[in-house]
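In this note's numbering, the protein residues as written are 61 to 347.
Built from N, CA and C at the ideal position, the CB exists for glycine as well.
No experiment lies behind these values; they were computed from the predicted model shown.
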Amino acid sequence: MRALPTYLYPPLSTYAIFQTSPKNLTQPHLLHLILTMSIRKLTVEDFEPAVKCITACFESDEVDRYLSHCDGRTEAEARKLDEEIFGYIIYAHLMNGLVITIGDFEGIACWMPPGKNMDDWWTILRSGMWRLNFKFGAEGRARYFNEFLPLLNETKARILGPERDQNSWYLVYLGTLPTARGKGYSRKLVEYVTAMADADFLYCYLESSAFENRAIYERFGFTYKDTIHLKRSEEPIPLEIMVREPNPIIPERALRKPAIKADSPKLQVQHVEDMVEQRSMATAAKI
């Protein structure tokens, strides 16, 4: 029987790892020992703080403003619409995807796992996304439903191809609060999933609305593929398309140090540290 994808089962706790023989630990569990110390998976109970976090993270984002700052809206009216848009998006990901945060809601990421999306009718109905049709004005509706969503769907299918389009991880949103930037939070929010993607040999895909983010995503293993534009404003809004190929898993035997007793907790900690160091060196070598 084919093993279940790693995102379908939770990582081992720190306690469980230290009760397990090193030879029985899988690579995804070792990675998650580091990554899940500060990452938290959100549930519907976290809905309100999650919406506040993502709205604040994207307050000055050009794509966000393109969708909400039209139809003669004031700044306050546009911000209220932003919160409603992000509310539906967060709820759809809580239902059908993965929403993770770091710190005290200082950063947030919305991921869609392989085989999942938020465009199916059941998700649209349950999340309330259908209400957006009545929240937008005429221009907002045209931008969101007739341009933005079709362009993203068509581009993802074109870049990845039909099979990978349905069998890849999609980073829909990644943001950190201005006060939390420079702390490595984005890396942790990305690598929480890319570790699983590597274990399952899956691609990761994203659109970036800021050119300066390209170098950041390249450090996470993503490669620039194309630029698309939203064209219904006076100045076209660019979106960069980036894809991350799965990285080979480092053999566990390369992480072992026979000089330390096999069942020693010190060995298990060293395994994790060595693995993270080797993966960082491998990523740096690609850039």
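Using a Cβ-Cβ cutoff of less than 8 Å, which residues in the same chain neighbour residue i once the five nearest sequence positions on both sides are dropped?
i: ARG274; result: SER268, TYR284, GLU300, MET302
i: GLY157; result: CYS170, TRP171, MET172, PRO173, LYS176, MET178, VAL232
i: ARG133; result: LEU141, GLY197
i: THR115; result: ARG139, ASP142, GLU143, PHE146
Please say whether residue j and residue i have beta carbons closer to each other than 8 Å?
i: ASP124; j: ASP142; result: yes
i: VAL111; j: GLY147; result: yes
i: HIS153; j: MET189; result: no
i: LEU127; j: PHE208; result: yes
i: THR183; j: LEU102; result: no
i: ALA240; j: GLY163; result: yes
i: ALA169; j: LEU220; result: no
i: ALA135; j: ILE297; result: With the sequence shown as reference, residue 135 is identified as Glu, and Ala is not the correct amino acid for it. No, the Cβ-Cβ distance between GLU135 and ILE297 is not below 8 Å.
i: ARG203; j: CYS130; result: yes
i: VAL253; j: PHE280; result: no
i: ILE145; j: VAL159; result: no
i: SER98; j: LYS248; result: yes
i: ALA282; j: ARG304; result: Residue identity check: residue 282 is Phe in the sequence provided, not Ala. Result yes, Cβ atoms of PHE282 and ARG304 sit closer than 8 Å.
i: MET155; j: SER187; result: yes
Helix, strand or coil for residue i per DSSP?
i: SER128; result: helix
i: ALA255; result: helix
i: THR115; result: helix
i: ARG100; result: strand
i: MET155; result: helix
i: THR215; result: helix
i: GLY235; result: strand
i: MET189; result: helix
i: GLY163; result: coil
i: SER293; result: coil
i: LEU266; result: strand
i: THR134; result: coil
i: SER246; result: helix
i: PRO109; result: helix
i: PRO222; result: helix
i: PHE205; result: helix
Taking 7 Å as the limit between beta carbons, can you name the residues of its chain near residue i, skipping five residues before and five after?
i: PRO306; result: ALA257, ASP258, PHE261, LEU262, TYR263
i: THR236; result: CYS117, GLU166, GLY167, TYR245, SER246
i: ILE276; result: SER246
i: ILE288; result: LEU211, THR215, LEU299, ILE301
i: SER293; result: TYR126
Less than 6 Å between C-beta atoms, sequence neighbours within five positions excluded: which residues of the same chain meet that for residue i?
i: ASN227; result: PRO174
i: PRO109; result: PHE165
i: ALA217; result: ASP225
i: ILE113; result: This sequence places Cys at residue 113; Ile is not what is there. The answer, listed in chain order, is PHE165, ILE168.
i: ALA138; result: SER128, HIS129
i: LEU266; result: LEU231, MET302
i: ASP286; result: ILE301
i: TYR223; result: Note that residue 223 corresponds to Glu in the displayed sequence, not to Tyr. If we look at GLU223 and ignore the five residues flanking it on each side, it has no Cβ neighbours.
In the DSSP output, which residue or residues are listed as bridge partners for residue i?
i: PHE282; result: ARG304
i: TYR148; result: TYR148 is not bridged to any residue.
i: THR287; result: GLU300
i: ALA198; result: Answer is none; ALA198 lacks a bridge partner.
i: ILE168; result: THR161, GLY235
i: SER228; result: TYR263
When you compare the CB of residue i with every CB in chain C, is at least one pair closer than 8 Å?
i: LEU290; result: No chain C is present in this structure, which holds just one protein chain.
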